[in-house]
Amino acid sequence: MSSSAGVSELMDAEKKASTVVAEARAARSDRLKAAKAEAGAAVDDLRAARESEHALTTSSDSDAKEAQAIAATADGEIHRGREAKILVAEAEENNLGVKAFNQRWNRWAICGLCEQRYHGVVMNALGWACWKMYAGECGGADSCAGALLAVSDVLGDVAVERLNPWTFPAAGELRCLLHGAGFRDVVVTSSPRPVQCTAVEWYRTFGKVFLESVPVADRAAFLDDYRTACAHRLGGENRLDFVRLRWRAVRRDDRSR
Numbered sequence: 000m001s002s003s004a005g006v007s008e009l010m011d012a013e014k015k016a017s018t019v020v021a022e023a024r025a026a027r028s029d030r031l032k033a034a035k036a037e038a039g040a041a042v043d044d045l046r047a048a049r050e051s052e053h054a055l056t057t058s059s060d061s062d063a064k065e066a067q068a069i070a071a072t073a074d075g076e077i078h079r080g081r082e083a084k085i086l087v088a089e090a091e092e093n094n095l096g097v098k099a100f101n102q103r104w105n106r107w108a109i110c111g112l113c114e115q116r117y118h119g120v121v122m123n124a125l126g127w128a129c130w131k132m133y134a135g136e137c138g139g140a141d142s143c144a145g146a147l148l149a150v151s152d153v154l155g156d157v158a159v160e161r162l163n164p165w166t167f168p169a170a171g172e173l174r175c176l177l178h179g180a181g182f183r184d185v186v187v188t189s190s191p192r193p194v195q196c197t198a199v200e201w202y203r204t205f206g207k208v209f210l211e212s213v214p215v216a217d218r219a220a221f222l223d224d225y226r227t228a229c230a231h232r233l234g235g236e237n238r239l240d241f242v243r244l245r246w247r248a249v250r251r252d253d254r255s256r
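Take a look at the structure:
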């Protein structure tokens with residue numbers, strides 16, 4: 000092989016290498032631009048969520064408030080997830096290395112107030128936000144129904160209906176709320192979850208609004224009557240019914256890429 004041919008091949012190889020490097024840089028730049036564009040769209044997401052809240056048709060004010068809370072939580076996770084993606088994309092764009100990459104990602108694993116690491120479902124939610132998947136759980140229909148019936152036996156249905164602060168949606172109702180709040184591919188599961196505590200303990204913790212409606216001098220007698228009613232309604236006072244609804248969903252405007 001002549002020296003001129005070798006030089007020519009070397010120049011060709013250098014050109015190919017330069018082309019590969021340029022293409023890699025362009026790809027990283029495109030990813031960074033896309034991540035920033037998604038972050039800019041967070042404002043539009045917030046506006047859409049507010050419009051969805053106004054469009055919701057719910058059976059009560061409590062349902063409307065619950066739907067708004069779901070929408071607000073989801074918007075917060077979208078914003079945090081997109082900001083995290085931007086930090087990661089910038090680390091890749093600037094070739095900052097594994098250490099910088101981890102530092103930027105771990106920023107979202109620590110609470111800004113107490114500086115403790117997130118764990119459990121909160122950590123999972125932050126990860127799912129980047130993949131546009133969201134999840135949550137709440138009490139479902141028939142939760143604490145026996146305890147509330149026992150209160151009705153003592154105070155009367157009208158008083159309980161007027162004072163009861165709790166709203167527990169059925170699976171279908173929660174599904175409709177999520178659809179209305181801007182989610183798609185909604186999956187809701189319902190599972191009974193008996194609570195091991197006495198009815199009076201539950202009442203003193205979660206039923207203070209009822210207890211406060213009874214004169215102080217009559218509260219001891221009221222609790223005795225309530226305990227008797229629980230024994231009738233629940234077959235004992237150490238098992239309270241609770242229904243857990245768990246859901247996962249994708250934002251409607253987050254399409255697969």
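Quick note on numbering: numbering that gives the first Met the number 0 labels position 196 of the sequence shown as 195, and the sequence is numbered without any gaps.
The beta-carbon is built from N, C-alpha and C at its ideal position, and this holds for glycine as well.
Nothing here was measured: the structure is a model prediction, and the numbers come from that model.
- Secondary structure of C137 (DSSP, three-state): strand.
- Contact between L244 and V187 is confirmed by a C-beta separation of about 6 Å, below the 8 Å threshold.
- With respect to the 8 Å criterion, V249 and R183 are classified as neighbours on the basis of their beta carbons.
- CA-CA distance, D156 to D224, rounds to 15 Å.
- Counting every other CB atom within 10 Å of its CB across the protein chains shown gives A216 a total below 16, marking it as exposed.
- P164 places its beta carbon less than 8 Å from that of V208.
- Counting along the chain, the unbroken beta strand (DSSP E) around A248 starts and ends at V242 to R250.
- Across the set L239, S189 and L148, the C-alpha of S189 shows the shortest separation from the C-alpha of G135.
- For A146, the closest of T18, N94 and L222 by C-alpha to C-alpha distance is L222.
- Taken atom to atom, the span from the alpha-carbon of R192 to that of G139 is near 10 Å.
- For T197, the secondary structure class from DSSP, reduced to helix, strand or coil, is coil.
- A direct Cα-to-Cα measurement between T18 and E92 gives close to 17 Å.
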